[in-house]
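If you count the sequence shown from 1, position 314 lands on 366 in this note's numbering, and the numbers rise without skipping.
What follows is a set of notes on a single structure, which appears directly below.
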Amino acid sequence: MTESELLALAKEYASQNEIFDNYIGLGYYNTLTPQVILRNIMENPGWYTQYTPYQAEISQGRLESLLNFQTMVTDLTGMDIANASLLDEGTAAAEAMMMAHAQSNGRRKTFFIDKNTFPQTIAVVKTRAAPFNVNVVVGDFRTFDMSTIADDLCGALVQYPAMDGTIEDFESFSTTVKNHGGLFVVASDLMALTLLKAPGEFGADICLGSTQRFGVPLGFGGPHAAFFATTDKLKRRMPGRLVGVSRDVDGNPALRLALQTREQHIRRERATSNICTAQALLANMAAMYAVYHGPDGLTQIAQRIHALAKTLAHVVTEAGHTVTTSGDGFFDTITIRLRDGTTAAAVAEAANAARINIRVVDEQHVSVSLDETTTKRRLRNLAQLFSDREDLCMDKAAAAAGIGSLADMTPSSSGKLTRNTPFLEHPVFNSYHSETEMLRYLHRLQAKDLSLTHAMIPLGSCTMKLNATSEMVPVTMPGFNSIHPFAPPAQAKGYQNLFRELEADLAEITGFDAVSLQPNSGANGEYAGLMAIRGYHESRGEAHRDVCLIPVSAHGTNPASAMMAGMRVVPVKCLPATGELDMEDLAEKAAKHADNLSCIMVTYPSTFGVFDAGIRDVCQVVHRHGGQVYLDGANMNAQVGICRPGDYGADVVHLNLHKTLCIPHGGGGPGMGPIGVKAHLQPFLPDHPLLPGFGGSKSPGPVASAPYSSASILPIPWAYIRMMGPNGLRQSTETAILNANYMAKRLEDHYSILYRNHNSKCAHEFIIDARPLKETSGIEAIDIAKRLQDYGFHSPTMSWPVVNTLMIEPTESESLAELDRLCDALIAIREEIAAIERGDVSRTDNALKRAPHTAATVTSDTWDRSYSRETAAFPTSSTKTNKFWPTTSRIDDTYGDLNLVCTCPPMESYGEA
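Shown next as C-alpha cells:
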C-alpha cells in the first residue's frame with residue numbers, strides 16, 4: 053500500500069470503533085491530554101525516537117522528566133522512593149508479589165489479595181505466582197482471619213480506592229499484615245491521592261498503580277505507565293529503572309540511571325525480575341501532565357470528579373436505588389444496588405441504546421466510574437438511566453448533594469482519610485502552567501537529548517530504525533486511542549479487523565500457527581512463551597521438566613525470564629573463534645538433562661551477530677530429548693522474508709515489535725512482545741478474565757492487564773507490514789545485513805571484529821573488540837562511547853554481550869552517507885587512540901578519557917588540557933556545521949549509587965542553572 057492508501061484504511065478501521073461515553077473504570081479512565089503535551093511529546097520524534105538513557109550525558113532532558121515522574125509518585129503516595137515506571141498495573145502488582153516472596157527468601161509462600169481488587173490485577177498476580185508455588189488467597193480483608201496463614205504470609209495487596217469505589221481505612225489491616233511478617237502492598241490511583249490520605253501514611257511498604265488518567269489516552273488498554281514506589285529499606289529490591297541524581301567529573305549535578313546492577317542482562321538467572329523495559333514515553337506524558345496542571349490544578353480536577361460522583365449518587369438514591377459503596381466514602385466510583393423491579397441487564401440495555409458503557413456487577417448491581425471528561429450533559433444522560441424524572445437538573449442535584457452548583461464543584465471533605473499533607477511543592481510543578489512556558493520547558497528538555505532526529509543510533513540488539521510518520525499517525529486517531537479495553541467487543545470492530553490481519557501477518561512472517569498480541573514487552577513475551585511451554589509439559593504429565601538450556605550468546609533477559617517461569621538455567625557454550633553455538637556442548641547438556649529438559653532459549657542470529665549454521669540441528673537435538681525450542685525474536689530484523697523460525701524447528705517465538713516492526717523505543721518504552729506458537733502450544737496462550745473465550749483453552753492466565761495490552765500502538769507494525777509488502781520486508785532485511793557487513797568491512801583494518809562466520813560475514817550486527825586497546829593505550833569501550841558523543845553520535849551497545857566491546861547494528865533505515873559518517877567517526881577515533889599508543893598523547897589527559905566535552909567546558913576561561921578546544925569539540929568538518937552538544941561532562945556512576953537521590957533536588961542545583 054502507498055501511504056495515502058494505508059492512512060485511508062486506517063481511518064476506515066478507526067471509524068469502525070464506536071466511541072461510547074465510558075464509565076467502566078477498573079483502572080482505565082477517559083482523560084484530557086493537554087494539546088501541548090500531545091503535540092510536543094506523544095507526536096514528536098524528538099521524544100519518541102530516543103533510546104533508553106544509558107548514555108546519560110546525552111539524555112539529561114528525559115532523565116529530568118523521569119525524575120519529575122518519580123517525584124510526583126513519591127509525593128502523592130507518601131513513599132520514600134519510586135522507579136521510572138513499569139509496564140501496567142497488573143504486572144506491577146505481580147512484581148510486588150515477587151518482592152514480598154523474595155523478601156522472605158522464598159520461605160513464605162502465601163500472598164493475600166483483597167477481593168475488592170481489580171480482577172485483571174488478581175489474574176496477572178496468580179499467573180506470576182504459579183511457577184514459584186506461591187498460594188494467592190483472595191478474600192475480604194475485613195473478615196478474613198489472617199492468623200490462619202500467618203506463618204506463611206509474605207504479603208497482602210489491597211485496592212485504594214477499591215474496585216467498587218469504597219475508600220477503606222487500612223491502617224489496622226496494615227499493622228496486622230506486618231505483625232504476621234508480610235509486606236503491605238497498596239494499589240492506588242494518583243488522581244484520588246490528591247484528595248486522600250497517602251498510603252505511606254498508613255503503613256504501605258509498596259504502593260503501585262497506573263498513571264493512565266494523567267493525560268494518557270485509553271488506547272484500548274495501553275500503553276500506559278505503571279508507577280511503583282517503596283519504602284527506603286526495599287529500594288534495592290525494586291524492579292525496573294531508577295533515575296538518580298549524581299554528578300559529573302567536574303562536580304556538577306547530573307542525572308543517570310541508578311543501581312544498574314539490577315539490569316537483567318547482568319544478573320541473568322540471579323535477577324529478581326525479568327523487566328527489561330519501562331514506559332518512558334508515557335511516564336513523561338504523565339509527569340508533564342502534573343507539571344502543567346500543578347498541585348492546585350490536579351486537586352481541582354479531582355474535586356470536580358468527586359463532585360460529579362457525589363451528584364450522581366444523590367440522583368441515584370433519590371430515584372430509589374441504593375449506593376452500596378461503603379467504608380469512608382468514595383472518590384469517582386459508585387456501585388449501585390438497583391431498586392426492586394429494575395435489573396442490571398435492563399439498565400445495561402438502556403445504556404447501550406444511549407451509547408453509554410457502564411459495568412455490570414451482577415443481576416442487581418452496576419458500577420460507574422466518572423472522570424475529568426464527564427460534562428454536565430454527559431452526567432445528565434448517565435443519571436437518566438437510573439431516574440424516571442424528565443426534569444433532571446444537574447445543578448439542582450449538585451446543590452442537593454451539598455456541592456453548590458456544577459459551576460463550582462468544590463465538595464466539602466472531612467474524615468480521617470482526607471489528605472492533609474502537601475504534595476508537588478517543587479518549583480518544577482509550580483512554574484509551567486501556561487502553554488507558552490510549558491512549550492518552552494518541553495523543548496529545553498528535548499534539546500538535551502540525542503534522538504533519531506539528530507543521527508543514527510547504532511545499537512546492536514536494539515534496532516533503532518525509522519519510525520515512519522505514516523505509521524505513527526493512526527496512534528492518535530480518536531477511533532484508536534479513545535476506547536476502554538473492557539468495552540463490549542462489538543464496539544471495537546475496527547480493532548478486531550486490525551488484530552486479525554496483524555496476527556495473520558506475524559504468523560506468516562514467523563511460520564507459526566497462532567499469535568498472541570498480549571505481551572507488552574519483549575521480556576513479557578519471553579515469559580508468556582515459556583509459560584506456554586511449561587503448561588504444555590504439565591498437560592502431558594511432565595511437570596518435572598524444568599531445565600532451560602541457554603547459550604551464552606542468547607539475548608540478555610533470557611535467563612531471568614526462565615527463572616521467572618520456574619525453570620533451572622543451564623548455560624551452553626559457544627565456539628570462541630566464530631561465536632557459533634558449540635554443538636558438542638549442546639548435545640552433552642541435552643543428553644545429561646534429557647529427563648528434565650523443558651526447552652532451549654536460542655537467539656537467532658545470536659547476540660554475537662552470527663547466524664548459527666546448525667540452527668536446524670539445534671532444534672532437532674532438543675526435540676529428540678523431549679524439549680521445546682524457544683526462539684528469541686530480538687533479532688528477527690535479520691530474518692523477515694528470508695527464513696522463518698517455524699520452518700527450521702522452533703516451537704515458539706517472541707517478536708520485539710519495538711525493534712523489527714517499527715514501534716518507537718520512546719526513550720525507554722513502550723515496547724511490545726507478541727508470541728507466535730505452533731499448534732500444540734496454542735491452548736496455552738494468555739487469556740483474560742474479562743473477555744471470555746479469549747486466549748488458549750488451557751491458558752496459565754494473563755500476562756498483562758488488558759487483553760491486547762498496548763493495543764493503541766499495534767497500528768504501527770500493522771501499517772509497516774501493509775506498506776512494505778512481502779518484497780519490501782525482504783529487501784529491508786537484506787539491506788540491514790548488507791549495511792552491517794559494509795560497516796564491518798570498512799572498519800576491519802582499524803578495529804578487531806570479534807565474531808564472523810567462515811565467509812568473514814556477520815549478520816545484521818557486529819562487535820568491535822576494544823579489549824586489546826586497553827593494554828596498548830589505556831582506552832576502553834566506555835571511552836570510545838563517550839568520545840562518539842563529541843562526534844554527534846550515540847554509542848553502540850557497550851560491553852554487552854561481551855565486556856569491553858561495542859556492538860553495532862546500522863539497520864536498513866540509514867543512508868550510505870550516514871553509515872560512512874559513523875565509520876569516519878570511528879576511524880578518526882582510532883587515529884586518536886593510535887596517537888596515544890605512539891606516545892604522542894598522554895594516556896590520561898586525552899580527548900577520549902576526558903570526553904564528552906560540553907559547550908560550557910569548551911568555552912570556559914580556563915583550559916588546562918593537553919589538546920586543543922577544536923580537537924575536543926569539532927573533530928570533524930560535519931561537527932562544525934551540525935553540532936550536537938552533550939549537556940554534561942562524563943558522569944560519576946559510583947557517586948550516584950553511593951549517594952542515592954531519586955527525587956527532584958532544589959531547582960538551583962540542576963536544569964535551570
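All residues carry an ideal CB built from backbone N, CA and C; glycine is no exception.
Exercise. Mapping DSSP to helix, strand and coil, what is Asn74?
Worked result: Walking along the sequence shown from the start, residue 74 turns up at place 22. If DSSP states are grouped into helix, strand and coil, Asn74 belongs with the strands.
Exercise. Comparing alpha-carbon positions, which option in Gly723, Glu800, Glu401 lies nearest His710?
Worked result: For this step, residue 710 is matched to residue 658 along the sequence shown. Comparing Cα positions, the closest option is Gly723.
For this session: Provide the residue span of the beta strand (DSSP E) that contains Phe551, from first to last.
Result: The residue you call residue 551 lines up with position 499 of the sequence shown. That residue, Phe551, is in no beta strand (DSSP E); its alpha helix (DSSP H) goes 545-562.
Problem set entry | DSSP three-state assignment for Arg299, whether helix, strand or coil | Residue numbering aside, residue 299 sits at position 247 when the sequence shown is read from its first letter. It is a strand residue.
For this session: Check the DSSP bridge columns for Phe280 and list the partner residues they point to.
Result: For the purposes of this step, residue 280 is taken as residue 228 along the sequence shown, with counting starting at 1. BP columns for Phe280 point to Leu260.
For this session: Measure from the alpha carbon of His802 to the alpha carbon of each residue in Ile820, His846, Thr787, then state which is nearest.
Result: The count along the sequence shown starts at 1 and reaches residue 802 at position 750. Comparing Cα-Cα distances from His802 to each of Ile820, His846, Thr787, the minimum goes to Ile820.
For this session: Have a look at Leu360, Met516, Glu415, Thr515 and flag the residue whose alpha-carbon is nearest the alpha-carbon of Ala453.
Result: Translated into positions along the sequence shown, residue 453 becomes position 401. Ranking Leu360, Met516, Glu415, Thr515 by Cα distance to Ala453 puts Leu360 first.
Exercise. If we call anything under 7 Å between Cβ atoms a contact, is Ala330 one with Ala144?
Worked result: For the purposes of this step, residue 330 is taken as residue 278 along the sequence shown, with counting starting at 1. For the purposes of this step, residue 144 is taken as residue 92 along the sequence shown, with counting starting at 1. Result no, Cβ atoms of Ala330 and Ala144 do not sit closer than 7 Å.
Problem set entry | Coarse secondary structure for Ile219, derived from DSSP in three states | Your numbering for residue 219 matches position 167 in the sequence shown. Looking at Ile219 - three-state DSSP - the assignment turns out to be strand.
Exercise. Shortest alpha-carbon distance to Leu707 belongs to which of Leu260, Lys161, Thr655?
Worked result: To locate residue 707, count along the sequence shown from 1; it is residue 655. It is Thr655 whose Cα lies nearest to the Cα of Leu707.
For this session: Report back the beta-carbon spacing between Leu733 and Val704 to the nearest angstrom; my notes put them in contact at under 8 Å.
Result: Taking the sequence shown and counting its residues from 1, the one referred to as residue 733 is at position 681. Taking the sequence shown and counting its residues from 1, the one referred to as residue 704 is at position 652. Confirmed, Cβ separation roughly 6 Å.
For this session: Note down, in chain order, each residue of its chain lying with its Cβ closer than 6 Å to the Cβ of Asp192, except the 5 sequence neighbours on either side.
Result: Sequence index remark: in the sequence shown, residue 192 carries index 140 (1-based). Same-chain partners within the cutoff: Lys167.
Problem set entry | For Gly381, three-class secondary structure by DSSP | Indexing the sequence shown from 1 puts residue 381 at position 329. Correct three-state label for Gly381: coil.
Exercise. Quick one, which of His485, Ala310, Gly267, Val413 has its alpha-carbon nearest Gly346's?
Worked result: Your numbering for residue 346 matches position 294 in the sequence shown. Checking every option, the nearest Cα to that of Gly346 belongs to His485.
Exercise. Cα separation between Gly581 and Ala924?
Worked result: Numbered from its first residue, the sequence shown carries residue 581 at position 529. Numbered from its first residue, the sequence shown carries residue 924 at position 872. C-alpha separation (whole angstroms): 48 Å.
For this session: Tell me whether the beta-carbon of Ser865 lies closer than 7 Å to the beta-carbon of Lys517.
Result: Numbered from 1 along the sequence shown, position 813 holds the residue referred to as residue 865. Numbered from 1 along the sequence shown, position 465 holds the residue referred to as residue 517. Yes. Within cutoff.
For this session: Can you grab the Cα-Cα spacing for the pair Gln107 / Pro904, in whole Å?
Result: Working through the sequence shown from its first residue, we reach residue 107 at position 55. Working through the sequence shown from its first residue, we reach residue 904 at position 852. One C-alpha to the other measures close to 11 Å.
For this session: Could you tell me which of Asn482, Val229, Val297 sits nearest to Met340, measuring between CA atoms?
Result: The count along the sequence shown starts at 1 and reaches residue 340 at position 288. Per the Cα distances, Asn482.
For this session: May I ask you to report which of helix, strand or coil DSSP gives Thr933?
Result: For the purposes of this step, residue 933 is taken as residue 881 along the sequence shown, with counting starting at 1. DSSP places Thr933 in helix when its eight states are reduced to three.
For this session: Pull up the distance between the alpha-carbon of Cys935 and that of Ala542, whole angstroms please.
Result: For the purposes of this step, residue 935 is taken as the residue at position 883 of the sequence shown. For the purposes of this step, residue 542 is taken as the residue at position 490 of the sequence shown. Sequence check: residue 935 is Lys here, not Cys. Computed Cα separation, rounded: 52 Å.
For this session: Please work out which residues of its chain come closer than 8 Å, Cβ to Cβ, to Leu247, disregarding the five sequence neighbours upstream and downstream, and give them in chain order.
Result: For this step, residue 247 is matched to residue 195 along the sequence shown. Counting only Cβ-Cβ distances below 8 Å, and skipping sequence neighbours, we find Thr351, Ala354, Gln355, His358, Phe383, Ser465, Thr470, Arg471.
Exercise. In this structure, what does DSSP give as the bridge partners for Asn409?
Worked result: Looking up residue 409 in the sequence shown gives position 357. Answer is Asn74.
Exercise. Thinking C-beta only, is Phe746 closer than 7 Å to Pro759?
Worked result: Stepping through the sequence shown from its first residue, residue 759 is reached at position 707. Stepping through the sequence shown from its first residue, residue 746 is reached at position 694. Result yes, Cβ atoms of Pro759 and Phe746 sit closer than 7 Å.
Exercise. Does the Cβ-Cβ distance between Lys826 and Asp565 come in under 7 Å?
Worked result: On the sequence shown, residue 826 is found 774 positions in, with the first residue counted as 1. On the sequence shown, residue 565 is found 513 positions in, with the first residue counted as 1. Contact flag unset, no.
Exercise. Do you know how far the Cα of Pro778 is from the Cα of Glu632?
Worked result: Working through the sequence shown from its first residue, we reach residue 632 at position 580. Working through the sequence shown from its first residue, we reach residue 778 at position 726. Cα to Cα, Glu632 sits roughly 29 Å from Pro778.
Exercise. With respect to the beta strand (DSSP E) encompassing Gly969, which residues constitute its N-terminal and C-terminal limits?
Worked result: Outside the displayed span of the chain (53 to 965) sits residue 969, for which this structure offers no information.
Problem set entry | C-alpha gap between Leu950 and Ser298, whole angstroms | Looking up residue 950 in the sequence shown gives position 898. Looking up residue 298 in the sequence shown gives position 246. The straight-line gap from Cα to Cα measures roughly 9 Å.
Problem set entry | Spatial distance of Asp197 from Ala208 (CA atoms) | Stepping through the sequence shown from its first residue, residue 197 is reached at position 145. Stepping through the sequence shown from its first residue, residue 208 is reached at position 156. Going from the Cα of Asp197 to the Cα of Ala208 covers about 13 Å.
For this session: Give me the Cα-Cα distance between Val368 and Arg696, rounded to the nearest whole angstrom.
Result: One-based indexing of the sequence shown puts residue 368 at position 316. One-based indexing of the sequence shown puts residue 696 at position 644. Each residue's Cα considered, the two are about 58 Å apart.
For this session: Find out if the Cβ-Cβ distance for the pair Gly679, Ser650 is shorter than 7 Å.
Result: Your numbering for residue 679 matches position 627 in the sequence shown. Your numbering for residue 650 matches position 598 in the sequence shown. In this structure, Ser650 lies closer than 7 Å to Gly679 by Cβ.
For this session: Apply the 10 Å Cβ neighbour rule to Asp598 and answer buried if 16 or more other Cβ atoms are within range, or exposed otherwise.
Result: In the sequence shown, the residue the question calls residue 598 occupies position 546. Buried: at least 16 other Cβ atoms inside 10 Å.
Problem set entry | Reference Asn985; option with closest CA among Ala62, Phe222, Arg942 | Lying before the first or after the last residue shown, residue 985 is absent from the chain, which here runs from 53 to 965.
Problem set entry | Beta carbon of Ser761 nearer than 7 Å to that of Gln570 | For the purposes of this step, residue 761 is identified with residue 709 of the sequence shown, where counting begins at 1. For the purposes of this step, residue 570 is identified with residue 518 of the sequence shown, where counting begins at 1. Yes. Within cutoff.
Problem set entry | Coil, strand or helix - Pro611 by DSSP | The residue given as residue 611 occupies position 559 in the sequence shown. Residue state, collapsed to three classes: helix.
Problem set entry | Classification of Ser784 by the beta-carbon crowding that lies within 10 angstroms, buried from 16 upward | Counted from its first residue, the sequence shown places residue 784 at position 732. With 16 or more Cβ atoms within 10 Å of its Cβ, Ser784 is classed as buried.
Exercise. Count the other CB atoms within 10 Å of the CB of Asp699; is the residue buried (16 or more) or exposed (fewer)?
Worked result: Numbered from its first residue, the sequence shown carries residue 699 at position 647. Exposed: under 16 other Cβ atoms inside 10 Å.
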